[in-house]
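Down below is the structure, laid out as structure tokens.
Residue numbers (the numbering used here): 156 to 287.
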């Protein structure tokens, strides 16, 4: 299993929560959401975000309104509904509980071992001088 794949799966699992958190502060245009998620190092592309926004809207957690733009066509701004705010509160409680549980498990476990050395093939290539 690849650590990057595991990290990606963890991010995907938290993406709903993160989008709802962003929208709890103010309504946002999709590109603003993408920018903020990238700033938080949750790499997201439009192909991931738009289906998520549509699903959250269909589930009644988001609403949207069209706003005129000074730079092109009108933009769709997303906002939390009352149901979305309630759902976010539940997700926030679940996140806090999960974080406490993980902290407890980490405190009960021995310290993690150091990462394994770089593969021997790569280090052999570095250490073996080339023939003249």
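By construction, the Cβ of each residue, glycine as well, lies at the ideal position given by its N, Cα and C atoms.
Taking a contact as a CB-CB distance under 8 angstroms, the pair residue 184 and residue 250 does not count as one, their CB atoms being some 25 angstroms apart.
Between residue 246 and residue 175, the C-beta gap is smaller than 8 angstroms, which places the two residues in contact. Counting C-beta atoms within 10 angstroms of its own C-beta, residue 267 has fewer than 16 neighbours from the protein chains shown and is therefore classed as exposed. Bridge pairing for residue 218: 234 [DSSP].
Judged by their CB atoms, residue 207 and residue 170 are nearer to each other than the 8 angstroms cut-off.
By the Cβ neighbour-count rule, residue 158 is exposed, with fewer than 16 other Cβ atoms within 10 Å of its own. DSSP links residue 244 through a beta bridge to no other residue. Across the structure, residue 269 and residue 190 are spaced so that their CA atoms are roughly 34 angstroms apart.
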